[in-house]
Amino acid sequence: MVTGRSAALAALLVVLSSASRAADSGAEPVFKFFQEEANATTALRRAAPIDRSPLAVDVITAEEIKASGALNVWDILRFRVGMDVIEGRSDGGADRAVVSVRGIPRDSVTELQVLIDGRSVYSPLNGGVLWEQLPVQIQDIERIEIVRGPNAALYGSNAGTGVINIITRRPSKDFEASATGMGGTQDFRQGQAAVETAKQSWGARLSGSDRAQDGFPKADGTGAANDWLREQKMNFRSWFAVGSRTDLEALAGVVKQGHGVNMTNDPQAQGLDHFQALHATHGFDGGSTLEARVSRTDDDIASSPDINGVLSDTRYWQYDAEAFHSIPWADGRLRTTYGSSWRYASARSNTIFGPDAGNVTNRSLRGFMHQEIQVTDSVSLLGGVSLETDNIGGFHKDFQVASLWSPLEDQSFRASYARANTTPGLLSRYAQISFPVGGGVSGSLAGNPSLNPSPLTDYEAGWTGRFLDRAVAAEFTGYYMYIQDHVNIDVDANAALPGSVFAETYDNTNTVELRGMEASLKWRFAPGRSAYANYTRETVTDQDHHSLYINTTPKNKFNAGVDLALPERLRLSANAGYKDAYLADSNTGTAQDVIPAYWRLDARLGWQATPKLELFVAGQNLLAASRREYIDGLVVPRMIEGGMTLRY
Amino acid sequence: MRLVLLAAVLIVAAASARAEDVVVVAPESPSGPYREALQGVCDALGSCPAVLAAGDEVPPGVRVVIALGGRAARQPYSARTALVTALSPGFEARSRPGSGAVARVRMTFSPENFARRLLLLKPGARSAALLWSEPASRRFSEAVREAGKRLGLAVTTVEVSEPGAVPKLLRDLSPVDSLWLAPDSALVTPMVFDAACEYARSAGVSFFAPAPALAERCGLAGLAPDFRSAGLRAGAAAREALAGSVPDVDAYPAPPGPESNTEVFASSRTRAGR
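First to last, the sequence lines map onto chains G and X.
Quick note on numbering: the first sequence equals residues 120 to 767 in this note's numbering.
Quick note on numbering: the second sequence equals residues 172 to 445 in this note's numbering.
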């Protein structure tokens, strides 16, 4: 019997062994070879594999963006792990959304750096990002990379809770032209078009869009608010290869806006924002690359009448220059990146800096070095330091240390310790604002010349794994971070402006603590078919017990969705998200309010009628006729729109 | 008889001296495609040269290094050593410090040959789509398009920025007679390959896979150098380098290579309609 069992076992082993050999002699070794080669070529100018990153990285592809049916950039970010999006209509102007990573959403999320093609679009005026005014169109976005966690050693100030890099399409097609027209509820109308051409040594793309929509409904049911929007955007991107080693790029964009502002007197605002950028890359002997970028940004916003009943005209402009050299050496086991950047940011306003302020300015200069060390085939260490000096806030240093361990193929563990500073904005330094508070009296908000940078310290660990021929990707991250000297607005009678009965000013004596975990799972179960789910848990405490910090972050968030290629060239995408209750608070809003927990569903159905024609219908916030997300007296309505895209 | 023996000894000595002039740098314990390529190198040189792992010091006096794989290709070598790279699909052959000669054996072949071979496999074909991803493939795909135009074959080049986008890219593709997946390291994954294969089957177009084993997996045609022939070409390039002339296979688009550099998989010919 024993002999019989042994024989059976031997036979089984032989069968398994031959099955294994059969697999080895087939396609698997070829796939393994190409995967090995993919890992060996990360020195190319490509995004490093996610499982080689020292921080949690989430990449949103062009396909996912298109499938989402998103109308706004913030809608693309809404269902991603670790992200929080509030569609708001701030009374202050065109700041129509609050996007935050890892908590403390508010009017100006100062700890989040946002880049478009590597160029910072973080507003030096008041900190944070004015999402509606970003000079980028969804039709141009190739990829969005969301890095969660501090990355100031590479990106400098304000890269505290994360960095979002929006990467636009580099023209590569011989010729392509596309046009999309769509319309929907809220009297939404949008037309957009793009044309691109590329040859062996150059390429260019031009795109434009025009959009109009009515104001959102008022929460009290009295009709539409005065926050209508009319907006035109135009973008240009071109590249030119000089020989085989040098690549030059020129980028430009302009956004022209007219919109209503939801305030007493129904003011209207006009905005004109534009940028120009040059980017050069040169490859040297040995594989090192030098990148240089210069850019200019100019934003002009005029509002009439403002809260005091006068014409408000505010303009800020910024010049940036950056260069860095990245050198792989020791067979690619070491990579050193060093560089420096310079920024000149200036603003003027007849209402927010006082009548005699003139131009207010901040200059910053930064140098940084980053080192990657592949200790063994499975262990890497990374570290970097950035030294920066600013007119506002003075000198500060940021750093990052991380280790990566990949004990098995497609399994990677990481741990990191980092510090990243947030520098005060021009407004928090120079503000001189008086505003009516009712009853014929006024209050004031004054800047504080003594503000320091706010250092954020982060400890985090994570795991990334892929399974089933990489069809399943999973990720888990846990973190603890605290922000010292955090900038708040507090009442301070000593800072009162003449005629004010109460006064507020900025101070940075607070310490905010953030703890959380993030988990995500994505499964591509068939070509063109995938499903995902992610869960985020965040807790915020603060020393001064400001409700702005403690209760504004929903504790639990859960998102799930599918992207399905269906028969008859149909494609269905659906994204659903749940958020715990949270307190909506705003620097510029009129009141605080608790927003109950809610689910939100966005979906899109597309039909590729012919290779050149697609018809689609999409909807946002489908589960409710309207929902309050913020506190400015508006609700977010259910939106449904349809349209068609022609591509040649 | 003594004369014959002496001649034989001299030939053996000459051959062994030749082998010491050449080393192969490859992944430790080369397996699969690397081993196949190494076999090709041995066959081309007549004997197997020493095999070093990436990171090992190359002995002084070595005149030619054959680097198998991207990791080996990126390693710095003496400027007096000629370098032949193979099996490094994503390696962009920028010149090395000291400008030592570099010959690169590509896993693709001349665009002209490619277009001709497509027409050979699929007579009457009028259109083809080529999926590519690596920066190193950009100019190759453009050159294939130009070569196709000269031969009356409309080649649509499709850049794949994200492997997950392949199904959608394929669905959006105008109807074509044949589809080719470039041997890009970022592109040849089971998911992408199976998506392209499924598309080819359902659309009834010929699918040319970048390696014989992949063609077998899909059950359709293949059109690419196999790994052994890449090794053979690398060995031949090393011999030319020893003779004093480093073959200029680094120029891009590559000049028409020898026919041996193009492999039409025998088992696939019938399926491709030949």
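Beta carbons: idealized from backbone N, C-alpha and C, even for Gly.
Remember, predicted model here, so these are calculated numbers, not experimental data.
Spell out whether any CB of chain X is found under 7 Å from the CB atom of residue i.
i, result
"G:Ala291", "What sits at residue 291 of chain G in the sequence shown is Ser, not Ala. Judged by the 7 Å Cβ criterion, G:Ser291 is in contact with chain X."
"G:Ala590", "yes"
"G:Pro224", "no"
"G:Pro148", "yes"
"G:Ala684", "yes"
"G:Asp153", "Looking at the sequence itself, residue 153 of chain G is Phe, so the reference to Asp does not match. Interface residue, yes."
"G:Thr541", "no"
Answer with yes or no whether the minimum CB distance from residue i to chain G is below 7 Å.
i, result
"X:Arg388", "yes"
"X:Ala412", "no"
"X:Ser345", "yes"
"X:Gly203", "yes"
"X:Ala382", "yes"
"X:Leu239", "no"
"X:Leu385", "yes"
Under three-state DSSP, which class holds residue i?
i, result
"G:Ala650", "strand"
"G:Gln305", "coil"
"X:Asn284", "helix"
"X:Asp343", "helix"
"G:Trp347", "coil"
"G:Met488", "strand"
"X:Leu291", "helix"
"X:Val337", "helix"
"G:Asn270", "coil"
"X:Arg251", "coil"
"G:Val754", "coil"
"X:Glu317", "helix"
"X:Leu403", "helix"
"G:Ala744", "coil"
"X:Met362", "helix"
"X:Pro383", "helix"
"G:Thr764", "strand"
"X:Phe398", "helix"
"G:Tyr241", "coil"
"G:Arg607", "Sequence check: residue 607 of chain G is Asn here, not Arg. Strand."
"G:Phe735", "strand"
"G:Lys185", "helix"
"G:Asn613", "helix"
"G:Ile714", "strand"
"X:Tyr205", "helix"
"G:Pro173", "coil"
"G:Asp529", "coil"
query: Does the count of Cβ pairs from the stretch 537-553 of chain G and the stretch 490-498 of chain G closer than 8 Å reach three?
result: no
query: Of all the residues that make up the stretch 282-297 of chain X, which are near chain G by a beta-carbon distance shorter than 7 Å?
result: none
task: Note down, in chain order, all residues in the stretch 328-340 of chain X with a beta-carbon under 7 Å from any beta-carbon belonging to chain G.
output: Glu330, Ser332, Glu333, Gly335, Ala336, Pro338 and Lys339
query: If you pair each beta-carbon of the stretch 299-309 of chain G with each one of the stretch 237-247 of chain G, do three or more pairs fall below 8 Å?
result: no
task: Output, in sequence order along the chain, the residues in the stretch 256-268 of chain G whose CB is closer than 8 Å to any CB in chain X.
output: Glu261 and Arg262
field: Where the stretch 715-743 of chain G meets chain X: residues whose CB sits under 7 Å from a CB there
entry: Gln727 and Pro730
message: When you compare the stretch 467-480 of chain G with the stretch 514-527 of chain G, are there three or more beta-carbon pairs, one atom per stretch, that lie closer than 8 Å?
response: no
Members of the stretch 181-197 of chain G that neighbour chain X once the beta carbon cut-off is set at 9 Å: Ala181, Glu182, Glu183, Lys185 and Ala186
- prompt: What residues from the stretch 353-380 of chain X come within 7 Å of chain G, judged by C-beta to C-beta, listed N to C?
  reply: Ser356, Ala357, Val359, Thr360, Pro361, Met362, Asp365, Ala366 and Glu369
- prompt: Is the stretch 360-370 of chain G in contact with the stretch 325-339 of chain G, if contact means three or more CB pairs nearer than 8 Å?
  reply: no
field: 3 or more residues per run - each beta strand (DSSP E) lying fully within the stretch 637-704 of chain G
entry: 648-661, 675-685, 689-698 and 701-703
- prompt: Of the residues that make up the stretch 687-699 of chain G, which ones have a beta carbon closer than 7 Å to any beta carbon in chain X?
  reply: Arg688
query: Any chance the stretch 220-232 of chain G sits against the stretch 287-296 of chain G, with 3 or more Cβ pairs inside 8 Å?
result: no
query: At what residue ranges does the stretch 351-409 of chain G contain a whole run of the beta strand (DSSP E), taking only runs of 3 or more?
result: 365-379 and 387-402
query: Are the stretch 374-382 of chain X and the stretch 338-351 of chain X touching, with three or more C-beta to C-beta distances below 8 Å?
result: yes
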